[in-house]
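Undergrad: Every letter in the sequence shown is one number past the one before it in this note's numbering, and letter 50, counting from 1, is 64. Even glycine gets a Cβ: it sits at the ideal position worked out from N, Cα and C. Okay, here's the structure, questions in a sec.
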Amino acid sequence: MTDRRLWSYKDIAAHIRVQPDTVRSYRKHGLLPPPDQVEHGKPYWYAETIRVWVSRRPSNRGRDR
């Protein structure tokens with residue numbers, strides 16, 4: 015079963031241990047995947063979307079080896 019919780023910038027920032035403004039900057043520069051949902055103009059991502067993105071980030075390559 016997949017995780018269907020929606021994450022905000024704050025949740026993503028806590029997961030990757032950065033400030034929420036850093037995550038906003040990632041999105042602005044096209045480094046974050048497109049949001050899975052937008053509610054009242056605010057973007058949200060499924061937790062699984064972010065976990066996959068984190069695993070593919072250049073700074074994460076080779077960490078789990």
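Looking only at DSSP bridge pairs, what is lysine 56 linked to?
TA: For lysine 56, which the question treats as bridged, DSSP gives the partners Glu53.
Undergrad: Applying the criterion that 16 or more other CB atoms from any shown protein chain within 10 Å of the CB defines a buried residue, is threonine 63 buried or exposed?
TA: Buried is the call here.
Undergrad: Can you tell which of Tyr58, Arg71 and Glu53 has the C-alpha that lies nearest to the C-alpha of arginine 18?
TA: Ranking the options by Cα distance to arginine 18, first place goes to Tyr58.
Undergrad: Could you tell me which of Ser39, Ala27 and Leu45 sits nearest to arginine 70, measuring between CA atoms?
TA: Taking only the C-alpha atoms, the option nearest arginine 70 is Leu45.
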